[in-house]
Structures are given as structure tokens and as C-alpha cells.
């Protein structure tokens, strides 16, 4: 994963997009996203944070994180937000039998 993404589109960015769209529309998560969620969970470190995999080259005004191979607060924020959404959606669907969070 990386932050900021700029032009790069990775699994975490895609999941954050689906999270946003699902929350906006009030729809359930697509179960086909489960493999991507598993990948995000697998990349979580023992301390609960996610590492930056790579950084885009080029000039920056300032660094947002410590760089590749180091924990990233922004990637961790996005990953936790996605996992919280996924777990809430699945808990809601399992608890009510509904396929929509709007129910």
C-alpha cells in the first residue's frame, strides 16, 4: 500500500472507494470483496499498524510518513476504516438477515 496514492490504484484504495459508495448508497458490501479484505488483514503488523510498501518518486513539499517499510499512520487509518465498515456490514447482515444497511 502507499499514501498518497496519486495515480496508483491498489486494493486498499479500491476497498476505501467501495466503503464510501456503500455508506453513501446504503447498500451492503459485495461478498466478492472478501478476498481483498483478507489481504488487508494479512498485511496488518503485530502492533496493529500497516507498513508503507513504496513511495512515489519525485519532489515533495514534505513527507507524510517515514517511508517504505515503516508504519504509516495514513494507511493504517484507511485500513482500519475499511475493516470497521466491513465488519459492521457483515454484522448487520448476519444479525438481521438483510442485505442492505438501510434496512
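Numbering (full-length UniProt numbering), first residue to last: 1 to 103.
Note that the Cβ used here is the ideal one computed from N, Cα and C, for glycine as well.
Only a predicted model underlies this, so the values are computations on that prediction, with no experimental measurement involved.
Cβ contact annotation for residue 34 (same chain, cutoff 8 Å, sequence separation greater than five): none. Inter-residue distance for residue 21 and residue 91 is about 18 Å (C-alpha atoms, whole angstroms).
Here residue 83 has 37, 40 and 41 as same chain residues with Cβ atoms under 8 Å from its own Cβ, once five neighbours each way along the sequence are excluded. By the CB criterion at 8 Å, residue 71 and residue 44 fall outside the cutoff.
Each of 77, 89 and 88 was checked against the Cα of residue 12, and the nearest Cα belongs to 77. Rounded to whole angstroms, the gap between the alpha carbons of residue 19 and residue 27 is 10 Å. A straight-line Cα-Cα distance of about 14 Å links residue 25 and residue 85. With at least 16 other beta carbons inside 10 angstroms of its own, residue 29 counts as buried.
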